[in-house]
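The working numbering applies: residue 94 is where the sequence shown begins, and numbers increase by one. Where a beta carbon is used, it is the ideal one built from N, C-alpha and C, also for glycine. Read through the structure below, which is laid out as structure tokens, and then see the notes.
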Amino acid sequence: MHLLIVIGTRPNFIKVTRFRKVMDAIPGAKLTLVHTGQHYDKAMSQVFFDQFDLRPDHVLKLHPGSAGLQFAHMIAQLVEVMEKAEPDFVLVPGDVNSTLAGALAAQRLGIPLGHLEAGLRSFDRSMPEEINRILVDQLSAHHFVTEDSGMTHLKDEGLDQGGNVHFVGNTMIDTLVHFSPQIDQSPILSDLGLGAGEDFHLLTMHRPATVDNREGCQFIVDLLQNLCASAPVVFPIHPRTQKNLESFGLADVLEHPGLKRTPPMDYFAFQHLISTAKTVVTDSGGIQEETTYRHVPCITLRPNTERPSTTTLGTNQMLTELNVADVMHAIDNPKEGVVPPLWDGHATERIVDVIRNL
């Protein structure tokens, strides 16, 4: 069995950390890991590869032109890699451009394709990720599903054809479980001057819909001022967010004495912060799942979520409007939750078992 996995962004690195270990335990099995270069700088890629020992077999060259040219060039390079590698199966995780490029390349060559995180839907087609999810599911021969909503959506869309939809659990949780010792040993709290057991809020904001306009940036300013009044705030600031705060003349808030601003950080440090935070406020997708697994209250500032199990079962509260009073009310009234089915650290093994028995 020869499995080829296409990755390209930091969230998707986290979803495939256990495949090499699982594949190495199977006689005759081979794994080829291809990094498209979509997140190509050291902070976004290499530090994660070092922590997870991912060792990509191929790293593509990112085209210097427009986004369209980059995408086309990515597909062309993936076709070339797949032709030479001759895998038995291609697996693409998530919903980014690398996911769709890998799916199109595999489809072009007639290689059986599987989608990890299949069936997730936000029903917001203004999001590029939603278009990618829909297209990749249409191209895939096998669908690896993380939560109940994915099973429902694939059935509703006519993609459940008997034996091709597999409820396997969440490979991001596999990474959390396996690397728990390293996460627990992270010195990030002392590095930030926070005491053990000290309350703090963790904030992440990076989505263009939030940070690419003055209204969204002003909301971040107002939110930070209110959060800092109740407890210290750790803010690993995305370069896009910092750039926009500066361009709108709102960056002074980053000097607030209650704010602990950091650049994007490594996985172990960030997960330690999630596990010890009083509350996480975010516009991210994956963080909704990580907080649910950790039983940490999460407030997600988005009009929708493609991960509804985090709200129906988990600790996630969705706030569709950028309203500071609503955020503070949610912090004062945290949601308790349970871990969704099969989020147990063994999703990778289930996926590999399905593929090897095809």
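- For secondary structure counted as the beta strand (DSSP E) over 3 or more consecutive residues, the stretch 333-381 holds these complete runs in sequence order: 352-355 and 372-375.
- Ile392: member of the beta strand (DSSP E) spanning Cys391 to Leu394, first to last residue.
- Cβ-Cβ distances below 6 angstroms link Glu222 to Asp188 in the same chain, with the five nearest sequence neighbours on each side left out; the list follows chain order.
- With a contact defined as Cβ atoms closer than 8 angstroms, Asp267 and His439 qualify at about 7 angstroms.
- The Cβ atoms of Leu287 and Pro325 lie closer than 8 angstroms to each other.
- In this structure Arg111 is not in contact with His236, their Cβ atoms being roughly 20 angstroms apart against a cut-off of 8 angstroms.
- Straight across, the Cα-Cα distance linking Asp150 with Ala194 is about 18 angstroms.
- A contact between stretches requires three or more CB pairs, one per stretch, nearer than 8 angstroms, and the stretch 414-430 fails this requirement with the stretch 169-189.
- Counting the other CB atoms within 10 Å of its CB gives His128 a total of 16 or more, which places it among the buried residues.
- In this model, Lys336 and Thr385 are separated by some 30 angstroms (Cα to Cα).
- Out of Val374, Thr125 and His132, the CA that lies nearest to the CA of Gly101 is found in His132.
- For Val417, no pairing in a beta bridge is given by DSSP.
- For Leu126, the pairing in a beta bridge is given by DSSP as Ile98.
- In this structure, DSSP gives His166 a helical state, which the three-state scheme calls helix.
- Excluding its 5 nearest sequence neighbours in each direction, Ala289 has C-beta neighbours in its own chain below 7 angstroms: Leu282, listed in chain order.
- Setting aside the 5 residues that flank it on each side, His95 is surrounded in the same chain by Lys123, Pro180 and Asp181, each with a C-beta closer than 6 angstroms to its C-beta; the list follows chain order.
- The stretch 143-230 is shown to contain whole beta strand (DSSP E) runs of 3 or more residues at 182-186 and 206-209, in chain order.
- From the listed residues Arg148, Val174 and Phe141, the smallest Cα separation to Lys154 is found for Val174.
- Two segments are said to touch when three or more pairs of C-beta atoms, one from each, lie closer than 8 angstroms; by this definition the stretch 394-405 touches the stretch 210-226.
- Below 8 angstroms, enough C-beta pairs join the stretch 288-308 and the stretch 357-376 to call them touching: three or more.
- In the DSSP assignment, Phe106 falls within the alpha helix (DSSP H) that extends over Arg103 to Ile107.
- The shortest CA-to-CA distance from Arg307 to any of Leu366, Leu338 and Ser159 is the one to Leu338.
- Take Thr239, set aside five residues on each side of it, and the residues of its chain with a beta-carbon closer than 6 angstroms to its own are Glu210 and Asn263, in chain order.
- Unbroken beta strand (DSSP E) stretches of 3 residues or longer found wholly inside the stretch 265-342: 294-297 and 326-329, given in chain order.
- When rounded, the separation of the alpha-carbon atoms in Gln200 and Asp230 is 12 angstroms.
- Among the bridge pairs identified by DSSP, His259 is matched with Phe237.
- Judged by beta-carbon spacing, Leu415 lies beyond the 8 angstroms limit of Thr393, meaning their Cβ atoms are not closer than that value.
- Around the beta carbon of Gln364, 16 or more other beta carbons sit within 10 angstroms, so the residue counts as buried.
- For Leu412, the uninterrupted beta strand (DSSP E) segment begins and ends at Asn409 to Leu412.
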